[in-house]
Amino acid sequence: MSDASLTSEPADTLVPVTVLTGFLGAGKTTLLNHILTAEHGRKYAVVINEFGELGVDNDLVVDADEEVFEMNNGCICCTVRGDLIRILGSLMKRRNKFDGIIIETTGLADPAPVAQTFFADEDVRAKTRLDAVVTVVDALNFLQTLKESPEAHQQIAFADVIILNKTDLVDDAQLKAVEDAIRKINAFAPIHKAQKGNVKLTDVMDVGGFDLQRTLSTMPDFLENTHHHHEEDVNSISLSLKTPLDAGRFQMWIGALLQEKGADILRTKGILNFEGQSDRFAFQAVHMMADGNDIGPWKEGEERESRLVFIGRNLNRPQLRRGFESCAVA
Amino acid sequence: MSIPTELRGLIEKRGASRTVEGHITACAASRDNMRFAFTTAEGDVIVAHRADLAEPASWATYAVHDGAALALAPDTDPGGFLTGGDDGRLCRLDMHGEIEELGKTRRWVEHVASHVDAKTAYIASASGKQVELRDGRGETVLKTLEHPSSVTGIVFDTKGKRIAASHYNGASVWFTQPKSESVRLLEWKGSHTGIAIHPAGEALITSMQDNDLHGWRLSDGHNIRMSGYPTKVKSMSFSRTGKWLATSGADVVVLWPFFGGGPMGKPPVELPGMGGALCTRVAYNPEQEILAAGFADGSVLMIEPESQRVLPVCLNGGSAISALSYSSDGCLLGFGTEDGLIGLVDLSAG
Numbered sequence: 001m002s003d004a005s006l007t008s009e010p011a012d013t014l015v016p017v018t019v020l021t022g023f024l025g026a027g028k029t030t031l032l033n034h035i036l037t038a039e040h041g042r043k044y045a046v047v048i049n050e051f052g053e054l055g056v057d058n059d060l061v062v063d064a065d066e067e068v069f070e071m072n073n074g075c076i077c078c079t080v081r082g083d084l085i086r087i088l089g090s091l092m093k094r095r096n097k098f099d100g101i102i103i104e105t106t107g108l109a110d111p112a113p114v115a116q117t118f119f120a121d122e123d124v125r126a127k128t129r130l131d132a133v134v135t136v137v138d139a140l141n142f143l144q145t146l147k148e149s150p151e152a153h154q155q156i157a158f159a160d161v162i163i164l165n166k167t168d169l170v171d172d173a174q175l176k177a178v179e180d181a182i183r184k185i186n187a188f189a190p191i192h193k194a195q196k197g198n199v200k201l202t203d204v205m206d207v208g209g210f211d212l213q214r215t216l217s218t219m220p221d222f223l224e225n226t227h228h229h230h231e232e233d234v235n236s237i238s239l240s241l242k243t244p245l246d247a248g249r250f251q252m253w254i255g256a257l258l259q260e261k262g263a264d265i266l267r268t269k270g271i272l273n274f275e276g277q278s279d280r281f282a283f284q285a286v287h288m289m290a291d292g293n294d295i296g297p298w299k300e301g302e303e304r305e306s307r308l309v310f311i312g313r314n315l316n317r318p319q320l321r322r323g324f325e326s327c328a329v330a
Numbered sequence: 001m002s003i004p005t006e007l008r009g010l011i012e013k014r015g016a017s018r019t020v021e022g023h024i025t026a027c028a029a030s031r032d033n034m035r036f037a038f039t040t041a042e043g044d045v046i047v048a049h050r051a052d053l054a055e056p057a058s059w060a061t062y063a064v065h066d067g068a069a070l071a072l073a074p075d076t077d078p079g080g081f082l083t084g085g086d087d088g089r090l091c092r093l094d095m096h097g098e099i100e101e102l103g104k105t106r107r108w109v110e111h112v113a114s115h116v117d118a119k120t121a122y123i124a125s126a127s128g129k130q131v132e133l134r135d136g137r138g139e140t141v142l143k144t145l146e147h148p149s150s151v152t153g154i155v156f157d158t159k160g161k162r163i164a165a166s167h168y169n170g171a172s173v174w175f176t177q178p179k180s181e182s183v184r185l186l187e188w189k190g191s192h193t194g195i196a197i198h199p200a201g202e203a204l205i206t207s208m209q210d211n212d213l214h215g216w217r218l219s220d221g222h223n224i225r226m227s228g229y230p231t232k233v234k235s236m237s238f239s240r241t242g243k244w245l246a247t248s249g250a251d252v253v254v255l256w257p258f259f260g261g262g263p264m265g266k267p268p269v270e271l272p273g274m275g276g277a278l279c280t281r282v283a284y285n286p287e288q289e290i291l292a293a294g295f296a297d298g299s300v301l302m303i304e305p306e307s308q309r310v311l312p313v314c315l316n317g318g319s320a321i322s323a324l325s326y327s328s329d330g331c332l333l334g335f336g337t338e339d340g341l342i343g344l345v346d347l348s349a350g
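Going down the list, the sequences are from chains A and B. Positions 1 to 330 (the numbering used here) are the ones given, in order, by the first sequence. Positions 1 to 350 (the numbering used here) are the ones given, in order, by the second sequence.
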C-alpha cells in the first residue's frame, strides 16, 4: 500500500505474532526454546527457517522458505514474504490450537518484508497482529557484525524489543559500547540483558511493541538528545507536539512523506492526539506501508501530547519537525 | 463455534447437514459420484455415501492427517479419495475406509490433483517447490517437477496431457508424458496464488496476490489481465464448455466471457450475490450452465447466469463458505464453512 490509510480493527481478537530476528549465533533458537519451554500455559505455533541451528521443541513447527516478492503496486520497497502469507493463512484455520505465533527469521534476513507482510496482505491483517519484532544481539560479536553487515543495522532499526544476549561473555566497558551502538540506531526499543536467552517472558511476548501501547509510554525523554550521526547511518528521531493534530492534515503529510522518503524511513511509530477525539491514535509504518488504530482514551490527568518517532537513514530533523508541526490544528 | 439455528433453502428438502470440528478446507465427490468427502483443518475426512445422504449422523469420519488436511481430490479409483496434509503425507482413503500413505515429505502437501481417462491415470501432489507426478496407483513417482518457488496451485488439462503449476512470477506447463522433460514457463511478475485451465485448453488463468487475475492464451502466450476485484480471488471455475470463467473475490459473482474475442477488452458479467457479503467460493455445474456460489455470510446460491434465476441452496450457514463442489454428474452439491458446517444436496430428478 502506498497510502497511509488509517483504519480501525479490533485488536483483541487478532492472533499476536512475534518475529525473532538476530544474527547467526546470537542465540535466537536458544531464546525460542526458552520461551516455548517456560511455564506459561500458552501454546505457540512456530515458523522456523529451513536451516535452523538447533532443534525446536514444540508441537506445531512449520518450515518456511523465506520467499520474498515485490507487490505489484509500483512501490519498489514493498516486498513481502509470500511463504508467510500461505503459512499464516493455513495456521489461522486452526486458530483454536495455539495462543500466538512466533516467526524465527534467518540471521541474514532483512526484517522489512516480514513486517510488511502484516500490512500488505488483507487476510493476514484480518486475523493476526504483529506484536513485536524481537532482535537478539550477541554482546560479544555485535560490534564486529555491525561493521560488516547492513542487515545488522536493519535488524536493530526494526526492533521493538532488543535482547542483549551473552552479557556474561563481555566486560562492562564492552557492554556499554554495544548498548551505545544500539542506541545510536534505535533510541526507542527497550533493551533487556540476558545470558543464554534467559529473559522474562513478559519482556518479549505480548508486549504490544509494534502497536506502541507500551513502547512510547516507556520512552525516555531524550527529545533534544541529538547525537551527531553520519547521515548514511540508520538513526532515530523523535518529535512531540502538545497542540492537537488535525487528522486530515496529518494523513496528507505522512502519506506524502512516506511516499517520497519511505525507502529511507524504515519505521515510523506514533501516538497521536487528534483534535476532537477522546481516544489515543496509534500510528505505525514500515517503509511506505502505514496503519493505525484507536488504542483507548487518554488517562485521567495525562498530558495529551502527540509523539512521533522515525527510524531510518538521511532523516532531516528540522524538515520533519516543521512538517509535523504543520499538522497542528490552526 | 457458531452453530446455525436453522438452515434454509434447498437443503431443507433435498439435503442434509452436520457440524463437525474444524475449518472445512475442501470438498469433492468420488469419481463414481457415489461418495462425497469433506476435509478439515483438524486432519479429518468426513465421507457421506449417496445412499445415506439424508442421514448425516451416519457419515463416516476418518482421522487421516496429523495436522490439517490441506488438499482433496477424487482418487483414480472410482470410490476413493486422495488427500494432502501439513504432516507432509499424501494419502489415499479407499472405498472401504482404509488409509494408505502414498508419499511423505518434510513439507506440507498443499495441492493434490488426479486425472483418469481410458488410457492413462495420474496423481499429482505439490509440496514446497516440487510437484510429484505419480501413476494412477500412486505408488510410483513418474517424475518430480521442480519449480523456481513454492507451488500455489496445480491443474491437469482436460485430456491429462499437460499439468500446470502456479508460483511466483508465473506458471509452468509440463507434459505428463513420462519421456518429455521440457517445461513451458509462462512469465508474469508477481505472486500467483492459484490456477485454472480452460476446458478446451485455450487459456491458463492464475489468481494473483494483487487482487486480480492473470492469464495466458496458450496458443501464442498472449497475456490476459482481468482486474477490478476488491479482494484476492480464491476460487475460480470454468463452465463446462469454457464459455465462462466464474470467480469469487467480490460481493457479486464475476463471470469473464471466453468467447467473441473475450476476455480481452470485454467487461465481466456481474451476477448479484447476497447483498454485500463477499463471494468466497464458486463451482460451475459440470453438466449444465448453472453455477453455485458460496458467500462470507454462509450462504450458498445456485444461479443460472442466462436467466439470472437464483435458487437458495443454504441460507444462515453462520460462517464463510470455505469449500464448494459439484459431483462430476452434476447431481450432488456439497459445501463446507469455516466453522465446520458441512452440507450436501441431491439435485437429481425424482
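Ideal Cβ positions, reconstructed from N, Cα and C, are used throughout, including at glycine. Just so it is clear, the structure is predicted and the values come from calculations on it, not from any experiment.
(message) Taking DSSP's pairing of strands, which residues face F23/A in a bridge?
(response) Locating residue 23/A in the first sequence gives position 23, where the first residue counts as 1. Paired residues: none, contrary to the question.
(message) In this structure, how does DSSP classify G89/A when only helix, strand and coil are distinguished?
(response) Counting from one through the first sequence, the residue named residue 89/A turns up at place 89. G89/A: helix per DSSP, three-state reduction.
(request) Could you say if the segment 118-127 of chain A and the segment 197-205 of chain A meet the contact criterion of at least three C-beta pairs nearer than 8 Å? (result) no
(request) Using a cut-off of 8 Å between C-beta atoms, extract the partners of D83/A located in chain B. (result) Stepping through the first sequence from its first residue, residue 83/A is reached at position 83. Ordered by position in chain B, the residues that pass the 8 Å Cβ test against D83/A are S150.
(request) Within the same chain, show all residues whose beta-carbon is closer than 7 Å to that of G138/B, passing over the 5 residues directly before and after it, in chain order. (result) As a position in the second sequence, residue 138/B is number 138, starting the count at 1. If we look at G138/B and ignore the five residues flanking it on each side, its Cβ neighbours are R92, L102, I123.
(request) Compare the C-alpha of L315/B against each of P305/B, A126/B, A293/B, A68/B and name the closest. (result) As a working note, residue 315/B is residue 315 in the second sequence. Answer by Cα proximity: A293/B.
(message) Quick check on the burial criterion: 16 or more other C-beta atoms within 10 angstroms. Buried or exposed for K13/B?
(response) Position 13 of the second sequence, counting from 1, holds the residue named residue 13/B. Result: exposed.
(message) Bridge partners for D135/B per DSSP, in chain order?
(response) One-based indexing of the second sequence puts residue 135/B at position 135. Y122/B, per the DSSP bridge assignment.
(message) Counting only Cβ pairs nearer than 8 Å, list the residues of chain B close to D63/A.
(response) For the purposes of this step, residue 63/A is taken as residue 63 along the first sequence, with counting starting at 1. Result: R106, R107.
(message) Since L14/A and R129/A should fall inside the 8 Å C-beta cutoff, what is the C-beta to C-beta distance between them, to a whole number of angstroms?
(response) Translated into positions along the first sequence, residue 14/A becomes position 14. Translated into positions along the first sequence, residue 129/A becomes position 129. Confirmed, Cβ separation roughly 4 Å.
(request) Using a Cβ cut-off of 9 Å (strictly closer), state whether D99/A contacts chain B. (result) The sequence position of residue 99/A within the first sequence is 99, counting from 1. By this cut-off, D99/A is not an interface position.
(request) For S235/B, I'd like the list of residues in its chain whose CB is within less than 6 Å of its CB, leaving aside the five on either flank, ordered along the chain. (result) Numbered from its first residue, the second sequence carries residue 235/B at position 235. So the qualifying residues of the chain are S248, R281, V282.
(request) Taking E70/A as the reference, give the member of D63/A, C78/A, A64/A with the closest Cα. (result) In the first sequence, counting from the first residue as 1, residue 70/A sits at position 70. Closest option to E70/A, Cα to Cα, is C78/A.
(request) Answer yes or no: do I35/A and L201/A have a C-beta to C-beta separation smaller than 9 Å? (result) Mapped onto the first sequence, residue 35/A falls at position 35. Mapped onto the first sequence, residue 201/A falls at position 201. For I35/A and L201/A, yes; Cβs fall inside 9 Å.
(request) Can you tell me which of the three DSSP states N165/A falls into? (result) Your numbering for residue 165/A matches position 165 in the first sequence. Reduced to three states, the DSSP call for N165/A is strand.
(message) For the beta strand (DSSP E) containing F335/B, name the first residue and the last one.
(response) Reading the second sequence from its first residue, position 335 is the one you call residue 335/B. Looking at the DSSP string, the run of the beta strand (DSSP E) that includes F335/B is 332-337.
(request) State the beta-bridge partners of F36/B as determined by DSSP. (result) Against the second sequence, residue 36/B aligns to sequence position 36. Looking at the DSSP assignment, F36/B forms a beta bridge with A29/B, A48/B.
(request) Quick one: list the residues of chain A neighbouring Q209/B, beta-carbon separation under 9 Å, in chain order. (result) For this step, residue 209/B is matched to residue 209 along the second sequence. Within 9 Å Cβ-Cβ: F69, M71, N72, V80, G82, I85, A120, D121.
(message) Can you check whether the C-beta of K93/A is within less than 9 Å of a C-beta belonging to chain B?
(response) Taking the first residue of the first sequence as position 1, residue 93/A is located at position 93. Yes, its Cβ sits closer than 9 Å to a Cβ of chain B.
(request) Could you name the residues of the same chain whose beta carbon sits closer than 6 Å to that of E231/A, not counting the 5 residues immediately before and after it, in chain order? (result) Stepping through the first sequence from its first residue, residue 231/A is reached at position 231. Its pLDDT being 49, under 50, E231/A is placed unreliably by the model, and nothing is read from it.
(request) Tell me whether R106/B is buried or exposed, calling it buried when 16 or more other Cβ atoms sit within 10 Å of its Cβ. (result) Position 106 of the second sequence, counted from the first residue, corresponds to residue 106/B. With fewer than 16 Cβ atoms within 10 Å of its Cβ, R106/B is classed as exposed.
(message) Can you confirm whether A60/B, when its beta carbon is compared against all beta carbons of chain A, has any partner nearer than 9 Å?
(response) In the second sequence, counting from the first residue as 1, residue 60/B sits at position 60. No, A60/B lies away from the interface with chain A (no Cβ there is under 9 Å from its Cβ).
(request) Using a cut-off of 9 Å between C-beta atoms, extract the partners of S90/A located in chain B. (result) Looking up residue 90/A in the first sequence gives position 90. By Cβ distance, chain B contributes T25, A41, A68, L70, D86, W108, E110.
(request) Quick one: which residues of the segment 112-129 of chain B get their C-beta closer than 9 Å to a C-beta of chain A? List them in chain order. (result) G128, K129
(request) Could you name each continuous beta strand (DSSP E) segment of 3 residues or more that falls completely within the segment 48-72 of chain B, going from the start of the chain to the end? (result) 60-63
(request) Take V173/B and list the residues in its own chain whose beta-carbon comes closer than 6 Å to its own, dropping the five residues that flank it on each side. (result) Your numbering for residue 173/B matches position 173 in the second sequence. Correct list, in chain order: R162, A164, R184.
(request) Could you list the residues in the segment 234-253 of chain B with a C-beta less than 7 Å from some C-beta on chain A, going in chain order? (result) none
(request) Check each candidate in E304/B, V253/B, M226/B, F295/B and name the one with the smallest Cα separation from N267/B. (result) Here residue 267/B refers to the residue found at position 267 of the second sequence. Reading off the sequence, residue 267/B comes out as Pro, not Asn. Among E304/B, V253/B, M226/B, F295/B, the Cα nearest to that of P267/B belongs to M226/B.
(request) Kindly say whether S191/B, judged by its beta-carbon, lies nearer than 9 Å to any beta-carbon of chain A. (result) Locating residue 191/B in the second sequence gives position 191, counting from the first residue. So, interface residue.
(message) Per the DSSP calculation, H111/B is bridged to which residue(s)?
(response) Counting from 1 along the second sequence, the entry for residue 111/B is found at position 111. H111/B pairs with A126/B.
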